[in-house]
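Only one structure is covered here, and it is reproduced in the block below.
Number of protein chains: 4
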Amino acid sequence: MNTLIENKRKIVNDPIYGFIQIPSDFIFDLIQHPLIQRLRRIKQLGLTYYVYPGATHPRFQHVLGASHLMKEALNILRSKGQEISEEEYTGSIISILLHDLGHGPFSHTLEKSFFKNITHEELSLCYMKLLDKEFSGRLKTGIEIFSGSYPKKFLHQLVSSQLDMDRLDYLRRDSYYTGVTEGIVGSDRIIKMLSTFDNELVIEEKGIYSIEKFLIARRLMYWQVYLHKTVIASEQMLIKVIKRAKKMHKNGENIFLTPSLKFFFDNNINEKGLLDKRFDNVTPLEAFAKIDDNDIIVCIKEWQYHKDKVLSILSKGLINRDLFKVSIQKNKFTKTEIEELQKKVMKNYKLSEKDLKYFVISDSVKNNAYSKNLDERINILGKKNQITDIAVASDVSNVSALSRIVKKYYICHPKIH
Amino acid sequence: MNTLIENKRKIVNDPIYGFIQIPSDFIFDLIQHPLIQRLRRIKQLGLTYYVYPGATHPRFQHVLGASHLMKEALNILRSKGQEISEEEYTGSIISILLHDLGHGPFSHTLEKSFFKNITHEELSLCYMKLLDKEFSGRLKTGIEIFSGSYPKKFLHQLVSSQLDMDRLDYLRRDSYYTGVTEGIVGSDRIIKMLSTFDNELVIEEKGIYSIEKFLIARRLMYWQVYLHKTVIASEQMLIKVIKRAKKMHKNGENIFLTPSLKFFFDNNINEKGLLDKRFDNVTPLEAFAKIDDNDIIVCIKEWQYHKDKVLSILSKGLINRDLFKVSIQKNKFTKTEIEELQKKVMKNYKLSEKDLKYFVISDSVKNNAYSKNLDERINILGKKNQITDIAVASDVSNVSALSRIVKKYYICHPKIH
Amino acid sequence: MNTLIENKRKIVNDPIYGFIQIPSDFIFDLIQHPLIQRLRRIKQLGLTYYVYPGATHPRFQHVLGASHLMKEALNILRSKGQEISEEEYTGSIISILLHDLGHGPFSHTLEKSFFKNITHEELSLCYMKLLDKEFSGRLKTGIEIFSGSYPKKFLHQLVSSQLDMDRLDYLRRDSYYTGVTEGIVGSDRIIKMLSTFDNELVIEEKGIYSIEKFLIARRLMYWQVYLHKTVIASEQMLIKVIKRAKKMHKNGENIFLTPSLKFFFDNNINEKGLLDKRFDNVTPLEAFAKIDDNDIIVCIKEWQYHKDKVLSILSKGLINRDLFKVSIQKNKFTKTEIEELQKKVMKNYKLSEKDLKYFVISDSVKNNAYSKNLDERINILGKKNQITDIAVASDVSNVSALSRIVKKYYICHPKIH
Amino acid sequence: MNTLIENKRKIVNDPIYGFIQIPSDFIFDLIQHPLIQRLRRIKQLGLTYYVYPGATHPRFQHVLGASHLMKEALNILRSKGQEISEEEYTGSIISILLHDLGHGPFSHTLEKSFFKNITHEELSLCYMKLLDKEFSGRLKTGIEIFSGSYPKKFLHQLVSSQLDMDRLDYLRRDSYYTGVTEGIVGSDRIIKMLSTFDNELVIEEKGIYSIEKFLIARRLMYWQVYLHKTVIASEQMLIKVIKRAKKMHKNGENIFLTPSLKFFFDNNINEKGLLDKRFDNVTPLEAFAKIDDNDIIVCIKEWQYHKDKVLSILSKGLINRDLFKVSIQKNKFTKTEIEELQKKVMKNYKLSEKDLKYFVISDSVKNNAYSKNLDERINILGKKNQITDIAVASDVSNVSALSRIVKKYYICHPKIH
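Residue numbers (the working numbering), protein chains in the order written: chain A, 1 to 417; chain B, 418 to 834; chain C, 835 to 1251; chain D, 1252 to 1668.
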């Protein structure tokens, strides 16, 4: 009894929003669940801390923050006359609170290293369904909102769209923790401008400039943080070191693995149908819930001393921040450029040709700050209740320009002495 | 002797940059001069405080802040190998410190109410020349930098261009004091990206996103603050009340004027040549130095009780924040719309037709966030030392889009009951 | 009708708290009243901007901010089970919104220059009563709360006590505008810790450290801002220049006065009973409502050129920030020290002895960070519902130490060349 | 060659101070060393993130920040005429940069779990000496400053004293990352007030209020963050789980350990003399450099599933944030209180009496905000060049009050159902 009362007042100190109040006991119980607590052990931005030392904040904090924004957004919509039932209110919060459950060690970077053909969103949904069983069906509405099947479409859009509470939180939070103050987004004002029209999320006309600013801040964060060339280099090293370790394990060589991580080196999970199947009495979903950033780091630390040169070079580089050099440019690197570089690296590190792929990596990254796709666009609510895509509503065509996909080519490789 | 040492350490507390150190005794003496101290009595943003109550910060603070940024910029350029002599260093600081001397009561709003055909920049130059005499020619370099005749063009560009220290300071400062946090500009990073090429100011390539953000922040500040419709309405009321008072004074009617303000009601100064001429033993330059925001407010307060209806309605409205209603839109208001409104206002306030012009005001405002003019553009320094206009250098054409001039039409009038 | 709906959503942008929502139409109408709008023309911190150039924020902004905190505090208390009726809720907001109506030009500094024996709180009450008439008795509860006669004592304590919303706002706001970041107060946390006990305001035990911090921040703001020696010097100059002008006016000498200000140079109002009396058809209350900082500045600007040396020296010094030098110390200045200084000043400025009192000013200032008086103390609510004075509840006796009155002696005078 | 030039401009983005410039190539090389890079894998505040979710910042960031403040402090002292040679300048920065090398997994919490009778400061010194060898004696001055043997005592005081750059950085940084904004310290102002006298660090008199504020902020951070009761509870759980695991390992039971961690379960290192000795060809110093937070977390995750009840209960609680309940009070808990609790816990968890010590923990914590010890006190430099302890110099005796040691008793235990 006493605990319930205590919970009702439960407050969390967040450096971004100040005091965050947990909206209900049920939400509090969800937050206490090991599946969410696990997000404390997964960094929001993976290896980005190698460029921005302060960026070690965990995903756990982000989902709390996004839930807080969701609450604010729902309150604003209600105050503007949009009906939202208690069930819908709680469902929306649940939906955003759990939307990242499917993330594993180093989030996006290793997304394809553990499962083939399964996205983290699909994994999130699987975990939500597990929780729904555990909590006797109380997550039903939340799941419908998350998966987009709930009739009031704007609730899903608050969870996942170009203006969702996810982005609003992570852009601001990542700015705070990296110190890239230019990425700061005026979430307050944007939320104040939210409205609904025909059950779709829209922005009031006077919010146009704020949205432009939001899009530009996002663009800046992409190229200055998420796709920063040194971040790309370290992520590639991480992907390659796991790839090498997997290959060696498969070849029967003895490499150190934490017990939980071993599961994913022993088994290849390449379709959703297998997620609930038992391998040695453990399902992939259960196994995945046990691993986090710590397993990866501990293994790489050990691999530094392995006799395999590829494994040890990559591991030492990662642990001691002796990162790959990287060039990034608008045009593709020519075959000649790549080959010359490969030769130098091969000679410098005395590598065989077949191991080159771990060391000279040439690929591209792309991003557009705004997508004009019909079902994704940000809609502006005009004074006469007309709805217009922001790319059209803006008085200059800058948002339209931002919808162009920018593609950059990079090549990375270890230092050449 | 003691005073000199004290001065050398002189530090001012600025809410934006923290402690600002005055760079030299001579600069300190300039700051102490009545012509600069007068800027303490002129609000940076005129009547904007009627929309943003916190925006009562004085121009004095802005010129101190801009000088601080100038110092930082010069230090960065020096650290990158650009030679800047002590004389040039001090001259640049003087130039930005004094660039606003020509502003009078309510800055831009009343710029045309006191002088015809003379801009505030021209007035600033006149005052600089007066000071140069007073300080035995020590402002020579500063004046050359200000007027653009100094050979190292980048010094002038730091004072006046699309990336000058003036804008960098006022955007950030106005954000701080209005609370429009979205207008915050990353002056730190932009200054770090400054460089020179062929004696012109340029931005290093990796600064492109910061500049985009700066342009968008500026655009937002324009439409959300500087050209906010209620700000426009109050400014129009201010212009009209002065116009009415002038007319009445000219007609020999008795209206209250502070002694200093009377000069400008008695005399019409409409060409630069007259600025040094004596009228009743006082030059317009001397007279202008005596007036500030306070004179205007005191007069309007008195005019509230004047028997002239036009004067008293406008004055009461201004003093008690009973402001004109204003509509703003992309298209011109039609003749019919305007005439209908005029009729209503005329009837409601029992006005004669010839006084309508004080009450129904229809005009336009315009702004472009970026100008592509050859001698104004922001130039990007590429990795191979090539120079490109940012509108071209950007990987999408959003900056180019921002160069379109946006024009908005407004109509304002007193409330109709 | 439309206006009402618009009002209901009325939002003000505050740099400290973000968006402030006006709680009701009635409060909005009160804010629009000329008596409150006048507070836009009175600086919160008088001449403090001579030390901290950014500190030109108006009292108007402070009363809005304090009302916002009041709303938050009332919401917290309600959420903890304290019953607060709608009438009490509105009354409390009215009370804090209007608590500063009695302030005049340069607030505290000139408090005694216009009225003798009448405090600004008494004046505030008079204006509230005028407004109560104008608004048909709707301010009754607010007035009772303000004057302390309302039964629920904690409502008055939120308006006026050692932990009132007035202080919580002004300390934080003055920090923001001066840039003295060390004065920042955690108003959020303190308000979260508020509770009631026996209709008195109390602080939950875990808030003790926050209160200590608040008291220390207040102490710092006193000595670093409010009682900064240069602020004291400029305030003394202001008091003296008004005194001199009054004396000259009384002696029949011609000195410039704005029409509104003249009232207080013609009449001496020295008891509350006179406030409603008509002098030349105007009551002192009406006359006082017409003057503000602008009148004083305009007059002093003119007085610079007056032939009276005392008046012109003081006026020039004030306008051009050529301020008195000031020494401040723990011990009284000796008679000899004062006399020697007087001699020097007299000689330097060729003054007569009877005018010395305008130029050499020796007095003291005092402050204690905490008052232990029975009816003022901050009470802590222990876990077992016991109430203890914070000076006793603290685990060390630092708060008790802070209750000592600190007195400092100063002497100020014009520069001696 | 190119790299050197690049290094010279090396800038790190810090959310607290903005851009931090690495002062020299040598410092840059030190920062790149694995021993410092390892601090990226040790959280500054251990398990505090269980109370403040954002507090996952690494020690690496803190040492960079503290070095930055050191640079600022040295510049200020130089500007005040204190001679500081280049060697001393670099030495001081090295000293603070390396002062935390001796920290291991979960910093203070597990300080006694790996070494007996050896402090982390002693370990830091050992690592510095290793580095000194590696860098051919270039750390000599830095080591002398760190160990206090360098003649200019103020340099050591900047590294370790009641006003050192260590505290100045961590208080501000921990405030930023926890969101406990009240702990923010005005490091700017304090550093501006630093001076030297007789080779000792002193504070200028006008800085007294800032120091008071600093001490109160520190006091608040202690009781609200560092000694927060839930932080204490989780730290006790961590200490106990390691203790249990060690005991079991010693008893020959099979428990999972990462290879690096095994060293410390196999060997007891209880005196400084052993640190360089080889155990199975590895010295304790080498072994310690290999472990960090990740090893501990990975092990505890595995231990959840161990059949030993004590180990699994503690591990599950720690991983899933099912933490011990804790009571904290001014007085000792009575024997009866403790015994009753023990009985309940024993019954509830079906524990044997000898395992109770892992579950019911009663101890005390203490802290004083200021120490008056002769060689530790903060000295104030008066206007007449006299030196006074701040506890005496303050105009009230609040600092003196803060020197009282506050001791609190706590008892913690798992939830009783």
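Using N, Cα and C, we set each Cβ at its ideal position, and we do this for glycine too.
These figures come from a predicted structure and were not determined experimentally.
Check: Mind reading off the beta-carbon distance from Asp586(B) to Ser577(B)? Whole number of angstroms is fine, and I expect it under 8 Å.; Outcome: Not really, about 13 Å apart at Cβ, beyond 8 Å.
Check: What is the rounded straight-line gap between the Cα of Met248(A) and the Cα of Ile1287(D)?; Outcome: 31 Å
Check: So Arg1360(D) packs on Leu1406(D), CB below 8 Å; how close in whole Å?; Outcome: It should be pointed out that residue 1360(D) corresponds to Thr in this sequence rather than to Arg. Not a contact, Cβ separation roughly 30 Å.
Check: Please go through the same chain and pick out, in chain order, the residues whose beta-carbon is closer than 6 Å to the beta-carbon of His485(B), but skip the five residues on each side of it.; Outcome: Tyr434, Ile437
Check: Give the DSSP bridge partners of His1247(C), in chain order.; Outcome: Lys1159(C)
Check: Leaving out five residues before and five after Ile463(A) in sequence, what residues of the same chain have Cβ atoms less than 6 Å from its Cβ?; Outcome: Past the boundaries of the shown model lies residue 463(A); chain A is included only from 1 to 417, so the question cannot be answered.
Check: Can you give me the C-alpha to C-alpha distance between Lys383(A) and Glu72(A), rounded to a whole angstrom?; Outcome: 24 Å
Check: Can you tell me which of the three DSSP states Asn765(B) falls into?; Outcome: helix
Check: Counting only C-beta atoms, is Leu791(B) closer than 9 Å to chain A at any point?; Outcome: no
Check: Would you report the Cα separation of Ile1103(C) and Phe949(C), rounded to the nearest angstrom?; Outcome: 5 Å
Check: Determine, for Phe279(A), whether the minimum Cβ-Cβ distance to residues of chain C falls below 9 Å.; Outcome: no
Check: Who are the neighbours of Asp1439(D) on chain B, taking C-beta pairs under 8 Å?; Outcome: Gly435, Phe436
Check: Grab the span of the alpha helix (DSSP H) containing Gly925(C) for me, first residue to last.; Outcome: 920–931
Check: Which residues does DSSP list as the beta-bridge partners of Val846(C)?; Outcome: Ile854(C)
Check: By a C-beta neighbour count over all protein chains shown, 10 Å radius and 16 as the cutoff for buried, is Pro985(C) buried or exposed?; Outcome: exposed
Check: By how many angstroms is the C-alpha of Phe682(B) removed from the C-alpha of Lys663(B)?; Outcome: 6 Å
Check: Tell me which same chain residues have a C-beta within less than 6 Å of the C-beta of Val365(A), skipping the five on either side of it?; Outcome: Leu227, Lys408
Check: I want to see whether chain A comes within less than 9 Å of Glu599(B), judged by CB atoms only; does it?; Outcome: yes
Check: Quick one, are the C-beta atoms of Gln162(A) and Ser362(A) less than 9 Å apart?; Outcome: no
Check: State the beta-bridge partners of Asn1618(D) as determined by DSSP.; Outcome: Val1657(D)
Check: Secondary structure at Lys679(B), three-state DSSP: helix, strand or coil?; Outcome: helix
Check: For Ser732(B), does the count of other Cβ atoms within 10 angstroms reach 16, so buried, or fall short, so exposed?; Outcome: buried
Check: Just the C-alpha distance for Lys1605(D) and Leu1376(D), rounded to the nearest angstrom, thanks.; Outcome: 39 Å
Check: What three-state label does DSSP hand Lys1480(D) in the structure shown?; Outcome: helix
Check: Under 8 Å: do the segment 1102–1118 of chain C and the segment 1066–1074 of chain C share three or more Cβ pairs, one atom per stretch?; Outcome: no
Check: Can you tell which of Ser403(A), Ile338(A), Ser149(A) has the C-alpha that lies nearest to the C-alpha of Asn373(A)?; Outcome: Ser403(A)
Check: Mapping DSSP to helix, strand and coil, what is Asn836(C)?; Outcome: Any answer about Asn836(C) is weak, because its pLDDT of 33 lies below 50 and its placement is not dependable; what the coordinates show is given next. If DSSP states are grouped into helix, strand and coil, Asn836(C) belongs with the helices.
Check: Determine the DSSP secondary structure at Val51(A), reduced to helix, strand or coil.; Outcome: coil
Check: Could you tell me if Val715(B) is buried or exposed, where buried requires 16 or more neighbouring beta carbons within 10 angstroms of its beta carbon?; Outcome: buried
Check: I want to see whether chain C comes within less than 9 Å of Ile714(B), judged by CB atoms only; does it?; Outcome: yes
Check: Could you list which residues in chain D have their beta carbon closer than 7 Å to that of Lys488(B), in chain order?; Outcome: Chain D residues near Lys488(B): none, gap ~16 Å exceeds 7 Å.
Check: So, under 8 Å CB-CB, Lys689(B) and Tyr827(B) are touching, yes? Tell me the CB distance rounded to an integer number of Å.; Outcome: Lys689(B) to Tyr827(B), Cβ: 32 Å. No contact.
Check: Inspect the beta-carbon positions of Thr890(C) and Pro522(B) and report whether they are closer than 9 Å.; Outcome: no
Check: Kindly identify the DSSP beta-bridge partner or partners of Val1533(D).; Outcome: Phe1530(D)
Check: Assuming the contact rule is C-beta atoms closer than 8 Å, Tyr594(B) and Gly471(B) should be a hit. Round their C-beta distance to whole Å, please.; Outcome: 5 Å
Check: Report the rounded CA-to-CA distance for Asp792(B) versus Lys557(B), giving the unit in angstroms.; Outcome: 24 Å
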